[in-house]
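Chains as they are written, first to last, in my numbering: chain A, 1 to 366; chain B, 367 to 732.
To start, the structure under review is shown below, and the notes come after it.
Number of protein chains: 2
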Amino acid sequence: MKRRDFLTGAAVSGVAAAAAGGLAAPAIAQDKQEWKLVTTWPKNAPGVGVNAQRFADAVTEMSGGRLTVRLFSAGELVPPFECLDAVQSDVAQMAHATPYYWVGKSPALNYFSTIPFGLTAWELAGWLYFGGGQELWDEVYAPFGVKGLYAGNSGVQAGGWFNKEINSVEDLKGLKMRIAGLGGEVMRRLGVAVTLTPPGEIMPSLMSGAVDAAEWVSPWLDIAFGLQKAAKYYYMPAFHEPGPALEVMVNKARWDSLSPDLKAIVTRAAQASSAESLADFTYHNIDIYSQIAEKWPDVQVRSLNDDILKALAKTTREVVDELAAKDALVKKVHDSYMAYNQKAWRYQNNADLPVLQMRKWFFENA
Amino acid sequence: MKRRDFLTGAAVSGVAAAAAGGLAAPAIAQDKQEWKLVTTWPKNAPGVGVNAQRFADAVTEMSGGRLTVRLFSAGELVPPFECLDAVQSDVAQMAHATPYYWVGKSPALNYFSTIPFGLTAWELAGWLYFGGGQELWDEVYAPFGVKGLYAGNSGVQAGGWFNKEINSVEDLKGLKMRIAGLGGEVMRRLGVAVTLTPPGEIMPSLMSGAVDAAEWVSPWLDIAFGLQKAAKYYYMPAFHEPGPALEVMVNKARWDSLSPDLKAIVTRAAQASSAESLADFTYHNIDIYSQIAEKWPDVQVRSLNDDILKALAKTTREVVDELAAKDALVKKVHDSYMAYNQKAWRYQNNADLPVLQMRKWFFENA
Chain A
1 MKRRDFLTGA
11 AVSGVAAAAA
21 GGLAAPAIAQ
31 DKQEWKLVTT
41 WPKNAPGVGV
51 NAQRFADAVT
61 EMSGGRLTVR
71 LFSAGELVPP
81 FECLDAVQSD
91 VAQMAHATPY
101 YWVGKSPALN
111 YFSTIPFGLT
121 AWELAGWLYF
131 GGGQELWDEV
141 YAPFGVKGLY
151 AGNSGVQAGG
161 WFNKEINSVE
171 DLKGLKMRIA
181 GLGGEVMRRL
191 GVAVTLTPPG
201 EIMPSLMSGA
211 VDAAEWVSPW
221 LDIAFGLQKA
231 AKYYYMPAFH
241 EPGPALEVMV
251 NKARWDSLSP
261 DLKAIVTRAA
271 QASSAESLAD
281 FTYHNIDIYS
291 QIAEKWPDVQ
301 VRSLNDDILK
311 ALAKTTREVV
321 DELAAKDALV
331 KKVHDSYMAY
341 NQKAWRYQNN
351 ADLPVLQMRK
361 WFFENA
Chain B
367 MKRRDFLTGA
377 AVSGVAAAAA
387 GGLAAPAIAQ
397 DKQEWKLVTT
407 WPKNAPGVGV
417 NAQRFADAVT
427 EMSGGRLTVR
437 LFSAGELVPP
447 FECLDAVQSD
457 VAQMAHATPY
467 YWVGKSPALN
477 YFSTIPFGLT
487 AWELAGWLYF
497 GGGQELWDEV
507 YAPFGVKGLY
517 AGNSGVQAGG
527 WFNKEINSVE
537 DLKGLKMRIA
547 GLGGEVMRRL
557 GVAVTLTPPG
567 EIMPSLMSGA
577 VDAAEWVSPW
587 LDIAFGLQKA
597 AKYYYMPAFH
607 EPGPALEVMV
617 NKARWDSLSP
627 DLKAIVTRAA
637 QASSAESLAD
647 FTYHNIDIYS
657 QIAEKWPDVQ
667 VRSLNDDILK
677 ALAKTTREVV
687 DELAAKDALV
697 KKVHDSYMAY
707 NQKAWRYQNN
717 ADLPVLQMRK
727 WFFENA
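Structural data, given as structure tokens:
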């Protein structure tokens, strides 16, 4: 299904008509265009596939059908990891994904998804919208002919499902684990044999013993994928994914061709989606987590101890410092992100952190 | 400036034309309408006034001017605390405010802004979008002929500026303090003489000694209003405002009259605004907080100790339980919010809380 869709020709002429006609043009047929949105997500996958569909529908609705967005799930038009290429070549006009899927293009893209011990969802949005993050992202994507828009966040993820308890750094050595992103590289350096099985194969590989541990997302999606049947120690939260971003990526020439109202619609649809997505993950994680003890009594929730976290933090520092040394643009992104991350850490020690701590006095004491 | 604007007549006929013409109608003059948005905020006030203007501009831009939103700051068209009445009577078609300004209409509205020891910004969005919160809010607003949309959040607020250290519950007794919302009632029961001076008078009243302590928002706005000049002990964070919401309120008949595309535009503009606003407060609080030690060396950041927090939590429980006993609808809102708040607390003990704690290992140790 990699052929260029029959609608592409019509869409191109639609762009030209809209550009020529401007805002005053009547909403007649030649002003309508259809864009293809490819995604890296399985059809209707909770949180990600559903969120991508909501974004597509929002653009279609807000534009009254003048820009209709048609969604293609992973593999329907192009394989999931060819989404960036598809948007660059205008096979699709948009993609819904996460930036660190394209680290092969630039390692700087890690910072626009998430890095270990990095920014929370709302801090990341602050950096992107108000701290120069979007401008840096534009610079990273420019050579690939795409424009990135922040469009969602899973919030804090879980550390993963393990078939044994992890009480020391020594316990990690020789472990076979499915883990994504820079967290995988950190684990590898601590002696873990890291693999990256596709989502649909995580549960079977953990069940069969092909891996000893696996991380996927957080309670809502992990349990939907059945991981609680395959291993009983659930380590929460993830050290390596404090707030992974979802993105909408647009072909840059298509982006530039949009009339001001349609550009505003795509921009605000992505921003709205970022709020809706974080709320979706937050609500459903809270809800499903409250059911674990009753529905899956074998599950044992655990946390990594401070000695292990210290080793992970030290190794993360080595990994990101090496990353920043790769080229000038990665360093520029790294320096901007890290200066803000350090200030965020100091601020949150007197803001979000104590607020989350003090709620216990209401429920335990009052 | 309370007169009905000359544009109101034109706007009404615009609604009728849009309803009759539907989506296929050309974007000519009779399809255009202008709505007035009144706000409770001073003109261009950072975070709130600016956010309201961005929302107004987003609707205007996305609709290509078919729905132009004209903003009136506090007092320009109606006094700030008459915004709900103005929208109900269609003097303005929309307002930008926060629900707990209207607790005189229903005490249930506290839960849609914030309550002490309550939900964070992203948890609140989860409850509103996915946990039945919006439906309850619709029920609370229905008698007043308005529709509420979640449109922003300041995130965690600060506890306030004090002219002395607070080391025990005893130290609160006899204190004169400016404090808003249910937090004020909690403080009152612990012996504080509570006042609610308007924003512009907070700094002078603290400077003159008319009050001994005052809370406003968080570092970004507090410092913009000059509170650091008036008292040196800055207590962070607030026990009483873990994530206060901003709202867009729409006249219900106007809301019902919107074509599907314009309804989607207003809905998504509010949702986008919620993400942008939280990012705005988060970024600027982090940034300004990092400058305190150098720029305002006299400021001493403090936290309330656990004994005081326990007393505040116990009194909060009494206050909200009395609130819930007021009527059946308040109880319904209270029960829904509190069941979720308790589950959120348990989940966050293994999610956001340890993620915020573990970042220290990266910056202190690695």
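Beta carbons: idealized from backbone N, C-alpha and C, even for Gly.
Let me know if residue i comes out buried or exposed under the rule of 16 or more other beta-carbons within 10 Å of its beta-carbon.
i, result
"Ser439 (chain B)", "buried"
"Ala559 (chain B)", "exposed"
"Asn671 (chain B)", "exposed"
"Glu241 (chain A)", "buried"
"Asp701 (chain B)", "exposed"
"Tyr507 (chain B)", "buried"
"Asp352 (chain A)", "buried"
"Pro80 (chain A)", "buried"
"Leu572 (chain B)", "buried"
"Asn44 (chain A)", "exposed"
"Asp687 (chain B)", "exposed"
Assuming the contact rule is C-beta atoms closer than 8 Å, residue i and residue j should be a hit. Round their C-beta distance to whole Å, please.
i, j, result
"Ala264 (chain A)", "Met569 (chain B)", "Not quite, the Cβ-Cβ distance comes to about 37 Å (not below 8 Å), so this is no contact."
"Leu515 (chain B)", "Ala636 (chain B)", "4 Å"
"Pro116 (chain A)", "Leu312 (chain A)", "7 Å"
"Leu136 (chain A)", "Lys332 (chain A)", "7 Å"
"Tyr703 (chain B)", "Tyr477 (chain B)", "5 Å"
"Ile545 (chain B)", "Gly526 (chain B)", "7 Å"
"Phe144 (chain A)", "Gln93 (chain A)", "Between Gln93 (chain A) and Phe144 (chain A) the Cβ distance is about 14 Å, and since that is not below 8 Å, they are no contact."
"Trp345 (chain A)", "Thr648 (chain B)", "Not quite, the Cβ-Cβ distance comes to about 13 Å (not below 8 Å), so this is no contact."
"Ile308 (chain A)", "Val211 (chain A)", "Contact doesn't hold; Cβ gap of about 19 Å is too wide."
"Gly557 (chain B)", "Leu538 (chain B)", "6 Å"
Please tell me whether residue i and residue j are closer than 8 Å, where the distance is taken between their beta carbons.
i, j, result
"Tyr601 (chain B)", "Arg668 (chain B)", "yes"
"Met543 (chain B)", "Ala580 (chain B)", "yes"
"Glu642 (chain B)", "Pro465 (chain B)", "no"
"Gly243 (chain A)", "Leu119 (chain A)", "yes"
"Arg70 (chain A)", "Ser273 (chain A)", "no"
"Val38 (chain A)", "Ala95 (chain A)", "yes"
"Phe363 (chain A)", "Thr682 (chain B)", "no"
"Val632 (chain B)", "Val416 (chain B)", "no"
"Trp220 (chain A)", "Pro46 (chain A)", "yes"
"Asp222 (chain A)", "Lys709 (chain B)", "no"
"Ala517 (chain B)", "Leu278 (chain A)", "no"
"Lys147 (chain A)", "Val217 (chain A)", "no"
"Gln666 (chain B)", "Lys598 (chain B)", "yes"
Answer yes or no: does any C-beta atom of chain A fall closer than 8 Å to that of residue i?
i, result
"Ala546 (chain B)", "no"
"Pro626 (chain B)", "yes"
"Gln399 (chain B)", "no"
"Lys680 (chain B)", "yes"
"Val435 (chain B)", "no"
"Pro720 (chain B)", "yes"
"Leu644 (chain B)", "yes"
"Gly511 (chain B)", "no"
"Asp622 (chain B)", "no"
"Ala386 (chain B)", "Legend: pLDDT at Ala386 (chain B) = 35, less than 50; position of this residue unreliable, no value from coordinates given."
"Thr406 (chain B)", "no"
"Ala395 (chain B)", "Note that Ala395 (chain B) has pLDDT 46, beneath the 50 cutoff, so the model's placement of it is unreliable and the number below is only indicative. False, the Cβ-Cβ gap to chain A never drops below 8 Å."
"Gln454 (chain B)", "no"
"Ser656 (chain B)", "yes"
"Thr648 (chain B)", "yes"
"Ile772 (chain B)", "What is shown of chain B runs 367 to 732, which leaves residue 772 (chain B) out entirely."
"Leu389 (chain B)", "In this prediction, Leu389 (chain B) scores a pLDDT of 38, lower than 50, which makes its location untrustworthy; the coordinate-derived value is nonetheless stated afterwards. At least one chain A Cβ lies under 8 Å of Leu389 (chain B)."
Report yes or no: is there a C-beta of chain B within less than 8 Å of the C-beta of residue i?
i, result
"Leu309 (chain A)", "yes"
"Ala52 (chain A)", "no"
"Met358 (chain A)", "yes"
"Trp216 (chain A)", "no"
"Thr301 (chain A)", "What sits at residue 301 (chain A) in the sequence shown is Val, not Thr. Val301 (chain A) counts as touching chain B."
"Asp287 (chain A)", "yes"
"Ala17 (chain A)", "With a pLDDT of only 33 at Ala17 (chain A), under 50, the local geometry of the prediction cannot be trusted, and the value read off the model is given with reservation. Answer no: the Cβ-Cβ gap between Ala17 (chain A) and chain B never drops below 8 Å."
"Gln348 (chain A)", "yes"
Does at least one heavy atom of the ligand SAH sit under 7 Å from the Cβ of residue i?
i, result
"Val186 (chain A)", "The ligand SAH is not part of the structure shown, which contains no ligands of any sort."
**Request:** Could you tell me which uninterrupted alpha helix (DSSP H) segments, each at least 4 residues in length, are contained entirely in the segment 387–460 of chain B, listed from first to last along the chain?
**Result:** Runs of the alpha helix (DSSP H) inside the segment 387–460 of chain B: 415–428 and 449–454.
**Message:** What ranges does the alpha helix (DSSP H) occupy inside the segment 255–294 of chain A, keeping only unbroken runs of at least 4 residues that lie completely in it?
**Reply:** Counting only runs of 4 or more, we get 260–289.
**Request:** Taking only runs that begin and end inside the segment 168–252 of chain A, name each unbroken alpha helix (DSSP H) of 4 or more residues, in chain order.
**Result:** Counting only runs of 4 or more residues that sit fully inside the segment 168–252 of chain A, the alpha helix (DSSP H) segments are 181–189, 199–208 and 219–224, in chain order.
**Prompt:** In chain order, which continuous runs of the alpha helix (DSSP H) of length 4 or greater are located wholly inside the segment 90–170 of chain A?
**Reply:** Scanning the segment 90–170 of chain A for uninterrupted alpha helix (DSSP H) segments of 4 residues or longer gives 110–113, 121–130 and 133–141, listed from N- to C-terminal end.
**Message:** Which complete alpha helix (DSSP H) runs does the segment 662–714 of chain B hold, if anything under 4 residues is left out?
**Reply:** Counting only runs of 4 or more, we get 672–690 and 694–714.
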